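Structure record follows, encoded as structure tokens.
2 protein chains.
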Amino acid sequence: MTPRSLINFCRVCGHAVEHRVPDDGDTRVRAVCPACHTVQYVNPLNVVGTIPVWQDQVLLCRRNIEPRMGKWTLPAGFMELDETTAQGAARETDEEAGLQLEMGPLFSIISVPRVGQVHLFYRATMTSPEAHPGPETQEARLFAEAEIPWEELAFHTTRVTLERFFADRQQGRFGIHDFSID
Amino acid sequence: MTPRSLINFCRVCGHAVEHRVPDDGDTRVRAVCPACHTVQYVNPLNVVGTIPVWQDQVLLCRRNIEPRMGKWTLPAGFMELDETTAQGAARETDEEAGLQLEMGPLFSIISVPRVGQVHLFYRATMTSPEAHPGPETQEARLFAEAEIPWEELAFHTTRVTLERFFADRQQGRFGIHDFSID
Ligand SMILES: [Zn+2]
Ligand SMILES: [Zn+2]
């Protein structure tokens with residue numbers, strides 16, 4: 001996959017860009033077009049998803065795409081234009097797991113500066129135990145806490161979100177957790 | 001300013017792009033390069049800022065740049081790569097207002113799908129009433145609740161964040177508010 005930061009040409013006019021600090025008071029090196037003066041910014045991306053809950057179980061998806069093909073994850077993906085964070089989380093859950101669910105409150109918001117991402121997970125209550133996984137998912141399955149495949153999770157943000165979810169559930173009180181990981 | 005969605009040329013190889021649904025299972029129209037097959041995604045941006053508090057007052061900045069030059073705003077700006085949401089909020093506050101402060105918890109996270117943004121504001125306690133505004137700010141000033149220039153605020157997200165801040169303060173209990181506005 002081409003890194004987002006690889007910018008050789010201006011998206012507007014096609015001229016080769018220069019990598020320098022723009023003249024507008026900016027302090028960072030950007031891809032600047034010497035022909036049409038467009039500055040091509042690269043900013044963090046939001047990944048939005050859910051913790052789908054059925055009774056005492058949580059639903060995880062086994063990934064059918066790289067990276068981490070075959071590993072388990074909470075349903076999540078990149079937030080798109082024209083949607084809210086919660087709408088994006090519901091859309092990604094539908095695409096990857098095909099669930100009937102009622103969206104709940106925000107649960108975790110995790111900055112991952114190493115990869116330029118922010119991951120946001122919402123609690124969601126499944127209104128049926130059935131899943132209809134999409135093409136990006138090999139399998140969707142419900143897990144009790146003791147069954148979670150901790151060694152087979154795809155992403156660190158899934159792990160820390162599940163850890164905090166079960167800790168909060170044990171305490172009988174769910175918070176909103178804002179933190180960062182390396 | 002050039003809209004982010006205006007993509008005519010491939011950033012990697014400079015070839016003219018096609019606007020179509022990629023062949024990888026995607027469902028949205030993207031700018032796709034027919035030469036090197038790079039897909040140029042456009043996703044929402046995070047705007048991160050603070051509610052700087054000194055005793056019973058809140059600090060606002062009068063903007064020295066467009067849009068909304070001369071209007072008042074909470075210090076905030078676009079999140080950058082290599083930082084967390086909280087680090088970005090502290091950086092923007094430093095750049096725009098030049099404050100000494102202790103960062104507090106996340107307060108509001110507001111999706112604004114109309115403009116493809118998510119705004120996140122952190123509470124922050126000023127450890128000195130002094131401000132040293134940067135070039136993007138005409139003036140930084142402390143306001144008691146009764147003095148807030150509600151009709152002269154630059155952005156709707158500043159307004160709703162301040163409204164919820166003062167409502168929570170009156171109740172003696174600050175929440176984390178996740179919602180969306182048009
Ligand atoms: Zn150009
Ligand atoms: Zn190309």
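Going line by line, the protein sequences match chains A and B.
Here the UniProt record's numbering is used: the first residue of the first sequence is 1, the next is one more, and so on.
Here the UniProt record's numbering is used: the first residue of the second sequence is 1, the next is one more, and so on.
Yeah, the Cβ is synthetic: ideal placement off N, Cα and C, and Gly gets one too.
All values reported here derive from a predicted model rather than from experimental measurement.
Interface with chain A (8 Å Cβ-Cβ cutoff): residue 101 (chain B) is excluded. Below the 7 Å Cβ cutoff, chain B contributes no neighbours of residue 61 (chain A), its closest Cβ being approximately 15 Å away.
The C-beta of residue 19 (chain B) has fewer than 16 other C-beta atoms within 10 Å across all chains shown, which makes the residue exposed.
Taken through DSSP and simplified to helix, strand or coil, residue 11 (chain B) comes out as coil. Contact check between the segment 39-58 of chain B and the segment 28-47 of chain A: three or more CB pairs, one atom from each, fall below 8 Å, which counts as touching.
Under the three-state reduction of DSSP, residue 130 (chain A) is assigned to coil, being neither helix nor strand.
Relative to ligand 2, the nearest heavy atom lies less than 7 Å away from the CB of residue 12 (chain B).
In summary, residue 35 (chain A) is exposed, with fewer than 16 beta-carbon neighbours lying within 10 Å of its beta-carbon over all protein chains present. With respect to the 8 Å criterion, residue 142 (chain A) and residue 72 (chain A) are not classified as neighbours on the basis of their beta carbons.
Contact check for residue 136 (chain A) against residue 163 (chain A) fails: the beta carbons are separated by 8 Å or more.
If you compare the alpha carbons of B:8, B:59, B:133 and B:14 with that of residue 148 (chain B), the shortest gap goes to B:59.
DSSP, read as helix, strand or coil, puts residue 102 (chain A) in strand. Residue 162 (chain A): member of the alpha helix (DSSP H) spanning 156-171, first to last residue. The straight-line gap separating the alpha-carbon atoms of residue 77 (chain A) and residue 88 (chain A) is approximately 8 Å.
Distance from the CA of residue 7 (chain B) to the CA of residue 84 (chain A), rounded to the nearest whole angstrom, comes to 23 Å. Boundaries of the beta strand (DSSP E) around residue 137 (chain A): 137-143. At a cut-off of 8 Å, the C-beta of residue 178 (chain B) has a neighbouring C-beta in chain A.
The nearest non-hydrogen atom of ligand 1 is 7 Å or more from the C-beta of residue 124 (chain B). Residue pairing by DSSP places residue 52 (chain B) opposite B:124 in a beta bridge.
The beta-carbon distance between residue 51 (chain B) and residue 74 (chain B), rounded to whole angstroms, is 6 Å. This is short enough to meet the 8 Å contact definition.
Any Cβ of chain A closer than 8 Å to the Cβ of residue 109 (chain B) would place that residue at the interface, and such an atom is present.
Remark: the shortest separation between the CB of residue 35 (chain A) and any heavy atom of ligand 1 falls under 7 Å.
Straight-line spacing of the CA atoms in residue 112 (chain A) and residue 177 (chain A) works out to 14 Å.
The C-beta of residue 114 (chain A) has fewer than 16 other C-beta atoms within 10 Å across all chains shown, which makes the residue exposed. The criterion of a C-beta distance shorter than 8 Å is satisfied by residue 61 (chain A) and residue 140 (chain A). Under DSSP, residue 72 (chain B) shares a beta bridge with B:62 and B:153. Rounded to the nearest angstrom, the Cβ distance from residue 122 (chain A) to residue 104 (chain A) is 6 Å, consistent with a contact under 8 Å. Residues of chain B with a Cβ closer than 8 Å to the Cβ of residue 6 (chain A) are, in chain order, 11 and 12. Residue environment: residue 63 (chain B) is assigned as buried (16 or more neighbouring CB atoms within 10 Å of its CB, all protein chains considered). In chain A, no part has a C-beta under 8 Å from the C-beta of residue 161 (chain B); the shortest such distance is about 16 Å.
Closer than 8 Å to the CB of residue 118 (chain B) there is at least one CB belonging to chain A. The alpha-carbon of residue 5 (chain A) is positioned some 20 Å away from that of residue 22 (chain B). Of the residues B:126, B:32 and B:131, the one whose Cα lies closest to the Cα of residue 101 (chain B) is B:126. The beta carbon of residue 75 (chain A) does not come within 8 Å of any beta carbon belonging to chain B, so the residue lies off that interface. In terms of Cα proximity to residue 39 (chain A), the closest of A:2, A:56, A:49 and A:16 is A:16.
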